[in-house]
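S.K.:
There are 6 protein chains.
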Amino acid sequence: MAFNFVTIGEVLLRLTTPRSERLTQARQFDAIYGGTECNVAVALEQFGVDPALISRIPDNDIGQACVNYIRQYGVDTSLVVRSGDRLGLYYLEIGASVRPSAVVYDRARSAMSEIEPGMVDWPSALAGRDWFHFSGITCAISEKSTATVAAGCRAAKAAGMTVSIDFNSRSALWSPEEGAKRLDPLMQYVDVAIGSARDPILGIMLGMEGNIEPDDRTADAYRPFAEKAVSKYGFDKMALTVRDIHSSDHNSWQGVYFDGSEIALSRRHELEIVDRVGGGDGFAAGAIWGVMNGWNPQQVADFATACGAIAHTIHGDFNVASEAEVLAAASGSSDVRR
Amino acid sequence: MAFNFVTIGEVLLRLTTPRSERLTQARQFDAIYGGTECNVAVALEQFGVDPALISRIPDNDIGQACVNYIRQYGVDTSLVVRSGDRLGLYYLEIGASVRPSAVVYDRARSAMSEIEPGMVDWPSALAGRDWFHFSGITCAISEKSTATVAAGCRAAKAAGMTVSIDFNSRSALWSPEEGAKRLDPLMQYVDVAIGSARDPILGIMLGMEGNIEPDDRTADAYRPFAEKAVSKYGFDKMALTVRDIHSSDHNSWQGVYFDGSEIALSRRHELEIVDRVGGGDGFAAGAIWGVMNGWNPQQVADFATACGAIAHTIHGDFNVASEAEVLAAASGSSDVRR
Amino acid sequence: MAFNFVTIGEVLLRLTTPRSERLTQARQFDAIYGGTECNVAVALEQFGVDPALISRIPDNDIGQACVNYIRQYGVDTSLVVRSGDRLGLYYLEIGASVRPSAVVYDRARSAMSEIEPGMVDWPSALAGRDWFHFSGITCAISEKSTATVAAGCRAAKAAGMTVSIDFNSRSALWSPEEGAKRLDPLMQYVDVAIGSARDPILGIMLGMEGNIEPDDRTADAYRPFAEKAVSKYGFDKMALTVRDIHSSDHNSWQGVYFDGSEIALSRRHELEIVDRVGGGDGFAAGAIWGVMNGWNPQQVADFATACGAIAHTIHGDFNVASEAEVLAAASGSSDVRR
Amino acid sequence: MAFNFVTIGEVLLRLTTPRSERLTQARQFDAIYGGTECNVAVALEQFGVDPALISRIPDNDIGQACVNYIRQYGVDTSLVVRSGDRLGLYYLEIGASVRPSAVVYDRARSAMSEIEPGMVDWPSALAGRDWFHFSGITCAISEKSTATVAAGCRAAKAAGMTVSIDFNSRSALWSPEEGAKRLDPLMQYVDVAIGSARDPILGIMLGMEGNIEPDDRTADAYRPFAEKAVSKYGFDKMALTVRDIHSSDHNSWQGVYFDGSEIALSRRHELEIVDRVGGGDGFAAGAIWGVMNGWNPQQVADFATACGAIAHTIHGDFNVASEAEVLAAASGSSDVRR
Amino acid sequence: MAFNFVTIGEVLLRLTTPRSERLTQARQFDAIYGGTECNVAVALEQFGVDPALISRIPDNDIGQACVNYIRQYGVDTSLVVRSGDRLGLYYLEIGASVRPSAVVYDRARSAMSEIEPGMVDWPSALAGRDWFHFSGITCAISEKSTATVAAGCRAAKAAGMTVSIDFNSRSALWSPEEGAKRLDPLMQYVDVAIGSARDPILGIMLGMEGNIEPDDRTADAYRPFAEKAVSKYGFDKMALTVRDIHSSDHNSWQGVYFDGSEIALSRRHELEIVDRVGGGDGFAAGAIWGVMNGWNPQQVADFATACGAIAHTIHGDFNVASEAEVLAAASGSSDVRR
Amino acid sequence: MAFNFVTIGEVLLRLTTPRSERLTQARQFDAIYGGTECNVAVALEQFGVDPALISRIPDNDIGQACVNYIRQYGVDTSLVVRSGDRLGLYYLEIGASVRPSAVVYDRARSAMSEIEPGMVDWPSALAGRDWFHFSGITCAISEKSTATVAAGCRAAKAAGMTVSIDFNSRSALWSPEEGAKRLDPLMQYVDVAIGSARDPILGIMLGMEGNIEPDDRTADAYRPFAEKAVSKYGFDKMALTVRDIHSSDHNSWQGVYFDGSEIALSRRHELEIVDRVGGGDGFAAGAIWGVMNGWNPQQVADFATACGAIAHTIHGDFNVASEAEVLAAASGSSDVRR
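Chains as they are written, first to last, in numbering that gives the first Met the number 0: chain A, 0 to 337; chain B, 0 to 337; chain C, 0 to 337; chain D, 0 to 337; chain E, 0 to 337; chain F, 0 to 337.
(1) Using a Cβ distance threshold of 8 Å, determine whether the segment 11-22 of chain D contacts the segment 126-145 of chain B, with at least three qualifying pairs required.
(2) Is there a C-beta anywhere in chain B that falls below 8 Å from the one on E44(C)?
(3) Between D301(E) and I272(E), how many whole angstroms is the CB-CB distance? I'm expecting something under 8 Å.
(4) Quick one: using the 10 Å Cβ neighbour count with 16 as the cut-off for buried, is S260(E) buried or exposed?
(5) Mark T217(D) as exposed unless 16 or more other C-beta atoms lie within 10 angstroms of its C-beta, in which case mark it buried.
(6) Under 8 Å Cβ to Cβ from P57(F), same chain only, skipping five residues before and after it: list those, please.
(7) Spatial neighbours of E324(B) within its chain, please: CB distance less than 8 Å, with the 5 preceding and 5 following residues excluded, ordered by chain position.
(8) Report buried or exposed for N295(F), applying the criterion of at least 16 other Cβ atoms within 10 angstroms of its Cβ.
(9) For the segment 101-108 of chain A against the segment 65-72 of chain A, do three or more pairs of beta-carbon atoms, one drawn from each stretch, fall closer than 8 Å, so that the two count as touching?
(10) Name the DSSP beta bridge partners of W252(F), please?
(11) Pick helix, strand or coil for P184(D), following the three-state DSSP scheme.
(12) Who are the neighbours of V103(E) on chain A, taking C-beta pairs under 7 Å?
(13) Going by beta-carbon coordinates alone, are G281(D) and C306(D) separated by less than 8 Å?
(14) Among V290(B), A283(B), D274(B), which has the Cα closest to the Cα of V335(C)?
(15) Decide if M0(C) is buried, meaning its Cβ has at least 16 other Cβ atoms within 10 Å, or exposed.
(16) Is there a C-beta anywhere in chain E that falls below 8 Å from the one on Q297(A)?
(17) Alpha carbons only, please: which of N210(A), S246(A), V229(A), G233(A) is nearest the one belonging to Q253(A)?
(18) A85(F) CB to nearest chain C CB: under 8 Å?
(19) With distance defined between alpha-carbon atoms, name the residue in V5(E), N59(E), G285(E), R21(E) nearest to D351(E).
(20) Using 8 Å as the limit for Cβ to Cβ distance, is N38(B) near chain D?
(21) Tell me the residue span of the alpha helix (DSSP H) that contains G277(A).
(22) Enumerated in chain order, which unbroken segments of the beta strand (DSSP E) with a length of 3 residues or greater are wholly contained in the segment 71-149 of chain F?
(23) Counting contacts by CB-CB distance shorter than 8 Å, is L185(E) in contact with chain D?
(24) Any beta-carbon of chain A closer than 8 Å to the one on R18(C)?
(25) Pick helix, strand or coil for P199(F), following the three-state DSSP scheme.
Set out below in structure tokens:
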């Protein structure tokens, strides 16, 4: 395989009520395992990347179920630290129409939130790897996990790897101000920055809003924001998602990519949503794949956006779609293949 | 709790084919229990109301399943008369696109249709209660149940309670003419009248049509109809639903509220429907909650309509949504809460 | 019964992932049996036609499951040849939004693909029958099945029956060129031709394109194509489907019918799709029913199109809808029936 | 086909809780259709008999679902009268261990209970048929259905057909005394009598008990009872089931067959029960098949008992097992066939 | 109602894999809520007792789902403290044959484990109540919950209530030695003691083994153990379960009851197990019901044991069985009721 | 990891009807992937072995689903040849009581049956591996696959690896005579031979029966058969399963192990069967693990038999049980672990 990838992040048990039922009505949960960084790893594996995950997962049957779930999609789990008390989890109710999706978190004191930098043998974990990815969520869950991410970033840069972040704000986990404060010191390691144009943490960090009103959206409209980020933090490249929420079932979805000089805006997808969780991770994976391949900004923006679009149509967090399928979605073809 | 509520009505076993399958294809049914008045009681309990149900339910395992189902949502079932031969039921096929939802009723000779006024100890049933609610369906199912509703209305008025009706026409149960004839004598007890602007029974009773063409819909356009109802029957308040059916999956949905002097029209919701049954009951509950709280007409119209909108997004008849969720829907927010 | 119908074609086991899951994720399959010609037979039975199927199905438990599945909808299976090694099958993943539906075929060397003309006792199979129907797919699967279809066509014409074809191209089974070559010799038997206005095989056979751009669609716009078909091959009547694919969930859908002199275009349905497979077969059945009843072109076009529209709203291949339901859909009514 | 068979009886919707759940817990029901006589017809079809059903089933979607369900197993439903208000139904909870299975009936005033003799065109219904079967249940549900059975018996005897009864007592439907009184006049038509050795109705009719204690069970121990039945009512043959209930999951199961002179007792099966409903019908079908084939008493007893044994291992009422499978079960082989 | 009952204990979310699947294989969990004391309350409600639960459950959607689940069975949840961070949970894999059931606990730091005595208004919580029940598990989960139980015991004795304990050892939660140490100070309040004859904590507390080898089991064989308990701790009555585990599916099950002078041993049930969790709670409820009714020792032993036996046949923790059903099971009847 | 393992064999899609339903009734299939050699690999991975699979699997979505399924359990799939037309499959109906499990194979012309020796790069496939395993089934499916197995055996012996076979007869795939003929030339490579004591192929190859009547079963009773095998073919070790089939749900199960000098017979397990497929593979894996660890004959026999016993209690082919769980089952403990 031409490309490889290593990421650090938490994997959670996600307990989703079937058929959009309310949490208070549920008698059954669909059980999957996922987490933003792991989702990116799985999506990249579909394109031919060889991905590995660094995480901490308890050494019990639920932890094993989690590891089994991940490795079915070809992610190398040999770097996972198998210890800790519990796997974090959350309950998810998928919304419909005027009813938004809702999450009840039960992730405090998870094994991953209590990871420590010394639990990972960084030189051997990163040996022979080219790309290191993390997200804001891993920094949000605890100071220990932030310290571990920082250790990873330092080791990655020392090894000459490309480092990417997906900001991935979660207002239930921390305030934008706390987020900005904890993420700021990590920015020095980042080469490729990915996030939402409306990310409140990014807004605070850059001192400006990335959001552009629908009627004003052009590639150039996003240039000041992207240039500010690049100039302030020294990022090489930046990718941004642009989402308008019409209802739980229908969103408009677009993406921006800035390669440091050129900026491109993808075409707009009107999404009919099956499962929103993991949509942004699909975008991140698409953007990383574009960067890995050295595509031009329009290609990256279109591919990343289409990749995120498909991710919205698949149950679960993982975007199990091939490069050919993403390219077809980018080109707008949806006829049955038979 | 600040508010309480007692209602009389039938609870049916609803047998729904999974995944919109046709009745003729079904090998499985989802089983829930519901009925328009009970649905209103459950929705009100979510807002903090203490609700009780008067009904007649057989003293067998299916009757017990029904009672269990209701009381899980906090409805007081101690007033339910436990006797009779059978629980009424209906088969429901949820439609899709150009295929409408379809119902096969099997509710004749149900326990509730054979209830008699003397089976309820009215003074003790209503003691300490402030609000009495019934619907046209309970009058449609038999003369005995109509007589029992009438006895309840008299007792409620004697006890100084507020009385509300949801007209709730069902063309499969009676003709509009029969409906008008049987409901007319009960109007003297009604304080709060709720119904569809297109209700054919109401049309006959008032001698005018409540329906307004989409382009002409303003609050004032509904004033003549509401004023006629109030002046003819002495209602204090009136709430009306306004629905346009684009397909089984998509309806437009709006509401009107008239407090006797001011009239308001809610904003229009474009509904993506999960389960239409109970939508109107959500509206009724929202309107009653608004009246209980003394909100202004625009607030009542918006809350009732949003409450009905959410009810369309939840499997089953019951609208299990909090006041905060209804207010959020009224304000148009549908982003995932996490 | 006033009408009868006999058709020849393959019936496949269709293994569909539940809830639009990807094939690579599936742990369960919904199992139904269907095939384009059989689907037409079932749809016609709902209207009161007495249908029979000629096919070859193995004499094992899966073959019996297939026969049982078909005969529950009233199709006479006594003409089915019970021998051969295996029932053909395919795996289906129903798409969503930007993700198209996908099929993995495993139908090579099926019992039906190895049928031979002599396995059917044609005189007795067709005795007393009035209408013989086949589709392009049966010709695509093998030369043996094509020869058997040809034998059927000859016997049907000899018996004075009406013969219909649904072209039903499948690019995964043969190239348009191969299709045109193999179907051409059968055209002499055909009275009623049904297909897609975009059918590539038909395009080659007629040397012209049937597709008309959305803005230019009038009944007369399709006249040259239909007249060419009728004049070249001597068809009596022709029916064409017109589909625009906006996404996996949403298509526009219309139909054309030419009775040899008059041509009509149906109204346009905006479909919210439950299950696309069998949609065209619903159209074919509707068109055949219209021809059987001698309706005028507008009636045939509207009925066939509405019939196909309903077929898109029903899980599985079979369009189990009554004539009254199709007429209601043609007239645009979708309110819940209760 | 060498044999044919016509039977009259009610078909009910059976709503079973999944996984042995209690009725009071159920949120889902498995829906099948069955009835003792129809169950016999289906079981016989598996052996190659051409069966037909006389019944009354409402002309609505649930009635159609019922007809579809039956005809998938090859039963001719063209004699079914399609009218009446409702399909009878029952709720079934399958027991486990010390908890017995439980039934809640909701079958009063079903279409079949209101059938009348004149609704069936007896001469044409029975034309060309050789065997007429009914059960005590059809007589238990109403006087009208009893009268219709009587009309059928008379017509069958007039046509020279063999008539069989399965006594099939149901204590929830009538008392043994009522049963004896209503069945007695029909005995004159019966050639083949089938029942439980412990049937209380039969006990009253014959004035003696058929039950034999386990340690005393020999073929000859049942001779006095069988001879009394044959001498009193003029039956040609008699078949009796012998069951000991150890728990809901485990029964011992045996059968007796008396051909008027020789009597045989089958080997004893220790049953691990999947679904008890329809077990006796499997025995009846097995006995009838044995009589049709002129097997010797031991063969009939063994086949009928094994057929009933298999019926206990299949979900639903219908015993879909081939003659070869029954013979294998009779011989005691249970290894996986692969 | 003649009897009432209040209990304190934790309610957990129980996530069970369907169909005995291994935890490491699961893609779905059945979700119920239960806990030993709550299970006793539900079982008693079936007999006509009016039960209430004291617990601490978080004020989020999962907490509400839990409350809804409990109150469907008629348990008064108004005393539940609605605060805390999380609902404790456990994953359950139901065993089969040689494979034992397995539990993964994730209950640390649950809302209930952090309850404090002052969170409950004891005088008003216990006002008008006659019986107070707790179990060893509530003491095992934390010192705070033990202190709260102790406060409850003191208040109950002050109010003249009967106090019962079910020892209910869990080796995963504490060692027998710790258990003995923490439970010892509470014994002074206990009137009715319930436990396993093999309970290791009880063994330590009494300094003797309660277990009797199968061949030596008579009522009198258990007398020394019961008398020691009564004399050492001043219990009024004692009930003991006796279980032999042949496999995950098959246990032998018996019960002992000592009323302070007479001792009785129930008949032995050979259980075919559906769901073992809650079996002992069924026994406890049966014993308490027997004591409430003043039955003689043999009656109490038989009823408690049969009640526990039925509890093993029902999915979930709750024993939803009527007194009549328990009496039938005690008498050994398992025929289908129809 | 201390041990590694490479095996060659076919992986099939297994389509099982839920809840023991008959194939002719199924509307749904549970889909898993498995095959005897792959099953052994998965079971060994649970013990800590590093396993790899050589197979041929088509390069389509179903092939990918298969690969994903396998690698979730830690099997290295990088040696799998991804080409060919179709994945073989079979339909499985799990029996109950007197009804045996039944299989309908649809595996002809699968990708694996058309594998050729040259498709595998043997030196690199086997580099660094110590154990090579195959089974009789792979030889049964085609001459090409037999040739590939032979190539593997030669390469394995050349590399100094241990070679094992599980005879695994399938009467539906070949006759014992054909089996004996095709397997005989491979025996020269085999070190460890595993099979059923009743294997008809082995019986022919050795010219004697391995089966011993239940009353005569001692370790020494199997010695002549094992010694004959060892002396004729030069095996180092031999392990044999001993099964008595009481019903589909209940088998007795025992195992024999001969290390070339000592012979041992395990204790007898009375199995309550959840899923029989893969039971023998569990035994094979247990025997191989015992040999890898150099345990004594009694330990190997007990472990292998308990391992096979657990495999009968798990849905699907794979025996996902830890060494500790197998040891507990070998010692007879089945209490719930909590």
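Glycine included, every Cβ here is placed at the ideal spot set by N, Cα and C.
M.R.: Let me spell this out:
(1) no
(2) In the third sequence, residue 44(C) corresponds to position 45, counting from 1. With 8 Å as the cut-off, E44(C) does not count as an interface residue toward chain B.
(3) For this step, residue 301(E) is matched to residue 302 along the fifth sequence. For this step, residue 272(E) is matched to residue 273 along the fifth sequence. D301(E) to I272(E), Cβ: 20 Å. No contact.
(4) Position 261 of the fifth sequence, counted from the first residue, corresponds to residue 260(E). By the 10 Å Cβ count, S260(E) comes out exposed.
(5) Here the question's residue 217(D) lines up with position 218 in the fourth sequence. Exposed, by the Cβ-count rule.
(6) As a position in the sixth sequence, residue 57(F) is number 58, starting the count at 1. For P57(F), where only same-chain residues beyond five positions count, the Cβ hits under 8 Å are R81, S82, G83, D84, R85, L86, A110.
(7) Sequence index remark: in the second sequence, residue 324(B) carries index 325 (1-based). The residues are I309.
(8) Within the sixth sequence, numbered from 1, the residue matching residue 295(F) stands at position 296. Burial call: exposed.
(9) no
(10) Taking the first residue of the sixth sequence as 1, we reach residue 252(F) at position 253. Beta-bridge pairing links W252(F) to R242(F), H268(F).
(11) As a working note, residue 184(D) is residue 185 in the fourth sequence. Residue state, collapsed to three classes: helix.
(12) Position 104 of the fifth sequence, counting from 1, holds the residue named residue 103(E). Ordered by position in chain A, the residues that pass the 7 Å Cβ test against V103(E) are N59, D60, I61.
(13) Along the fourth sequence, one-based indexing puts residue 281(D) at 282. Along the fourth sequence, one-based indexing puts residue 306(D) at 307. Yes.
(14) The residue given as residue 335(C) occupies position 336 in the third sequence. When each option's Cα is compared against that of V335(C), the closest is D274(B).
(15) By 1-based counting over the third sequence, the position of residue 0(C) is 1. Note that M0(C) scores a pLDDT of 46, beneath 50, so its modelled location is shaky and nothing firm can be said.
(16) If you number the first sequence from 1, residue 297(A) lands on position 298. Not an interface residue.
(17) Taking the first sequence and counting its residues from 1, one reaches residue 253(A) at position 254. Closest by alpha carbon: N210(A).
(18) As a first step, residue 85(F) is located in the sixth sequence; it is residue number 86 there, counting from the start. Note on residue identity: the sequence assigns Arg, not Ala, to residue 85(F). By this cut-off, R85(F) is an interface position.
(19) Because chain E is modelled from 0 through 337, residue 351(E) falls outside the range shown and cannot be assessed.
(20) Indexing the second sequence from 1 puts residue 38(B) at position 39. No, N38(B) does not count as interfacial toward chain D.
(21) Within the first sequence, residue 277(A) is the residue found at index 278, counting from 1. Run containing G277(A): none; DSSP gives neither H nor E here.
(22) 88-92, 101-105, 130-134
(23) Locating residue 185(E) in the fifth sequence gives position 186, counting from the first residue. Not closer than 8 Å to any Cβ of chain D, the Cβ of L185(E) fails to qualify, so no.
(24) Numbered from its first residue, the third sequence carries residue 18(C) at position 19. R18(C) counts as touching chain A.
(25) As a first step, residue 199(F) must be located in the sixth sequence, where it is residue number 200. The answer is helix: DSSP assigns P199(F) an H, G or I state.
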